[in-house]
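Enquirer: If you scroll down you'll find the structure; I have some questions about it.
Numbering (the UniProt record's numbering), first residue to last: 1 to 530.
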């Protein structure tokens, strides 16, 4: 499955923005290699800084496809293939995988606003209570509540129903049934109390007037109870109709959509696996930038955050999918339990279907969801997130070494310029007072001489230069280590990640294909009962 957003994750070895170094001092210039490297580096395009809108940049880029590589010549393309091109190909497959979920998202109304339920449409918020009243009203042509659709009652058409609205209607009818059962139980208690009172009066030979009054109350309660039970049976029949005629077809349609979605996702994740198994293997650090820029490090940090969000959303997907089907399964178990009452002998209850077509579908769905390889994907995501975090730490270490190198360089420049100023004045003094200088050098009797101040000061400058060169060399080694370590980590863990995604998508595709066959066989059995 695609992450929330994974745009051009410039992990480690892509085009940095070079920083202009300070001008070299008059003494020995900085190493030419570093200057040439920085001059050769190309500045990257600037990120817009928005994680959730960065697919546009990668979508506009033209990746090098396998077909194009075949046309150009495999050897030529592989030699020039960069990590950026590989990542753009991966990003392109993520975009296509995301597009495959649009139809299912539409079925589930994932992009709509909801107001205490799923009774929402493109016109914004609607009056939920009015809609529910229209659902549970006995008269289907009831028009007591104004309709915002210019007289069009979209609840009268099964074709206009969505899965969410069907579930809302079922909820409304279930609440109505709950209230009726609760009221029926209270009336049953009252009826039994009156019957006990009547029997007691008969045993005690109560006066005829009191006896007749109690009999009338018992008869009235019994009549009311029968009417309420008939109303309850009508409610049960409507719930069964919604379950079999509306909910079941919507779930079958959802299953078919999920099968197509996961089949498409498996295709794209499998292509990603092929990319990291073949193309990524040919990527080297030869053409990569020599050091990590600030923008580069920010991109890596951005990728780390996106991966964390991706893992979190995947866990939510699994949790909500399980809860959704478990809730339907638990409701269906309760729905199939008949409502028993000792007073229903005069009530004509409708026959209850003990095994409706929705039952095997939900049971199979609930059972097979537990068998999907969730943990493998979760582990691969967490492992790759940890790898990116390690790359970030290496980049931070490299940045600290660069700062240290810059500080040493500044110290060298400072001492070098001070030496130049002193040397200029020193040479002028030597020209203006050669005899005095000569006497000072000979000392008393000419047997001893003072240390040469020029040599001492040059030694200090040379020592500062040597330290700077050592720190610069250490920085270059660290840069090379970070590049090689980062690329090696990607080559190791990206195949693991996409293999896990591919296997999960394939298992999900097979699951929903099997569920589709269950619903098809159930439909055939319903059409051919013999």
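In this text, a Cβ means the ideal position worked out from N, Cα and C, and glycines have one as well.
Whole angstroms are fine: how far does the CA of residue 360 sit from the CA of residue 281?
Expert: Spanning the two alpha carbons is a distance of roughly 47 Å.
Enquirer: I'd like the list of long-range same chain contacts for residue 364, defined as Cβ closer than 8 Å, with 5 residues on each side in sequence excluded.
Expert: The answer, listed in chain order, is 514, 515 and 518.
Enquirer: Fully enclosed by the segment 345-418, which alpha helix (DSSP H) runs are 4 residues long or longer?
Expert: Entirely contained in the segment 345-418, the alpha helix (DSSP H) runs reaching 4 residues are, in chain order, 358-369.
Enquirer: Residue 221 and residue 194 look like a contact to me (Cβ under 8 Å); what is the Cβ gap, rounded to whole Å?
Expert: The Cβ separation is near 6 Å, so the contact holds.
Enquirer: Between which two residues does the alpha helix (DSSP H) holding residue 180 run?
Expert: Its alpha helix (DSSP H) spans residues 163-203.
Enquirer: Could you name the residues of the same chain whose beta carbon sits closer than 6 Å to that of residue 511, not counting the 5 residues immediately before and after it, in chain order?
Expert: Here the set comprises 368.
Enquirer: For residue 186 versus residue 214, is the C-beta distance shorter than 9 Å?
Expert: Result no, Cβ atoms of residue 186 and residue 214 do not sit closer than 9 Å.
Enquirer: Residue 394 to residue 335, Cα distance in whole Å?
Expert: One C-alpha to the other measures close to 59 Å.
Enquirer: Please give the ranges of any alpha helix (DSSP H) in the segment 233-306, keeping only runs that are unbroken, at least 4 residues long and fully inside the region.
Expert: Within the segment 233-306, the complete alpha helix (DSSP H) runs of at least 4 residues are 248-278.
Enquirer: Is the CB-CB distance between residue 251 and residue 380 below 9 Å?
Expert: No, Cβ-Cβ distance for residue 251 and residue 380 is not below 9 Å.
Enquirer: Return the chain-ordered list of same chain residues with a C-beta closer than 7 Å to the C-beta of residue 266, the five sequence neighbours on each side being excluded.
Expert: Cβ neighbours of residue 266 beyond the five flanking positions: 502, 505, 506 and 509.
Enquirer: When you compare each of 101, 486 and 410 to residue 469 by their alpha carbons, which one comes out closest?
Expert: Closest by alpha carbon: 410.
Enquirer: Who are the Cβ neighbours of residue 377 in its own chain at under 7 Å, not counting the five residues just before and after it?
Expert: Same-chain partners within the cutoff: 314, 500, 501 and 504.
Enquirer: Would you say the segment 465-481 touches the segment 251-262, given that touching needs at least three Cβ pairs under 8 Å?
Expert: At 8 Å Cβ cutoff, the stretches do not touch.
Enquirer: Taking 9 Å as the threshold (C-beta atoms), are residue 163 and residue 107 in contact?
Expert: Yes, the Cβ-Cβ distance between residue 107 and residue 163 is below 9 Å.
Enquirer: Are residue 489 and residue 390 touching if we call contact CB-CB under 9 Å?
Expert: Yes, Cβ-Cβ distance for residue 489 and residue 390 is below 9 Å.
Enquirer: Taking only three categories from DSSP, how would you classify residue 35?
Expert: Here the model assigns residue 35 a pLDDT of 38, short of 50, so the residue's position is not dependable, and the following value carries that caveat. Reduced to three states, the DSSP call for residue 35 is helix.
Enquirer: If the criterion is Cβ atoms closer than 9 Å, does the pair residue 292 and residue 482 meet it?
Expert: Yes, Cβ-Cβ distance for residue 292 and residue 482 is below 9 Å.
Enquirer: Hey, could you find the ends of the alpha helix (DSSP H) residue 89 is sitting in?
Expert: Run containing residue 89: 83-99, per the alpha helix (DSSP H) assignment.
Enquirer: With a threshold of 16 other CB atoms inside 10 Å of the CB of residue 412, please say whether the residue is buried or exposed.
Expert: Buried.
Enquirer: Starting from the Cα of residue 415, find the closest Cα among 312, 84 and 463 and give me that residue.
Expert: That would be 463, whose Cα lies nearest to the Cα of residue 415.
Enquirer: Per DSSP, what kind of secondary structure is residue 209 in: helix, strand or coil?
Expert: Helix.
Enquirer: Quick one: what does DSSP say residue 494 is sitting in, helix, strand or coil?
Expert: It is helical.
Enquirer: The alpha helix (DSSP H) that contains residue 103, what's its start and end?
Expert: Counting along the chain, the alpha helix (DSSP H) containing residue 103 begins and ends at 102-107.
Enquirer: Determine whether the beta carbon atoms of residue 232 and residue 339 lie at a separation below 9 Å.
Expert: Yes.
Enquirer: If we count the other Cβ atoms within 10 Å of its Cβ and call it buried at 16 or more, is residue 424 buried or exposed?
Expert: Under this definition residue 424 is an exposed residue.
Enquirer: For residue 493 and residue 85, what's the separation of their Cα atoms in angstroms?
Expert: About 18 Å.
Enquirer: Tell me whether residue 319 is buried or exposed, calling it buried when 16 or more other Cβ atoms sit within 10 Å of its Cβ.
Expert: Exposed.
Enquirer: Are residue 478 and residue 83 touching if we call contact CB-CB under 9 Å?
Expert: Their beta carbons are not under 9 Å apart, which means residue 478 does not touch residue 83 by this criterion.
Enquirer: Give the secondary structure of residue 452 by DSSP, where H, G and I count as helix, E and B as strand, and everything else as coil.
Expert: Three-state result, residue 452: coil.
Enquirer: When you compare only the Cα positions, how much space is there between residue 212 and residue 239?
Expert: Approximately 40 Å, taken between the alpha carbons.
Enquirer: Assign residue 88 to one of two classes, buried (16 or more other C-beta atoms within 10 Å of its C-beta) or exposed (fewer than that).
Expert: Buried: at least 16 other Cβ atoms inside 10 Å.
Enquirer: Which word fits residue 337, buried or exposed, when buried means at least 16 other C-beta atoms lie within 10 angstroms of its C-beta?
Expert: By the neighbour-count rule (16 or more Cβ atoms within 10 Å), residue 337 is not buried but exposed.
Enquirer: Please identify the residue among 474, 388 and 356 whose C-alpha is closest to the C-alpha of residue 306.
Expert: Residue 388 is the option with its Cα nearest to residue 306.
Enquirer: Buried or exposed, going by whether 16 or more other CB atoms sit within 10 Å of the CB of residue 429?
Expert: It is exposed - the Cβ of residue 429 has fewer than 16 other Cβ atoms within 10 Å.
Enquirer: Please determine, among 166, 374 and 357, the residue with the shortest C-alpha to C-alpha distance to residue 246.
Expert: Nearest of 166, 374 and 357 to residue 246, Cα basis: 166.
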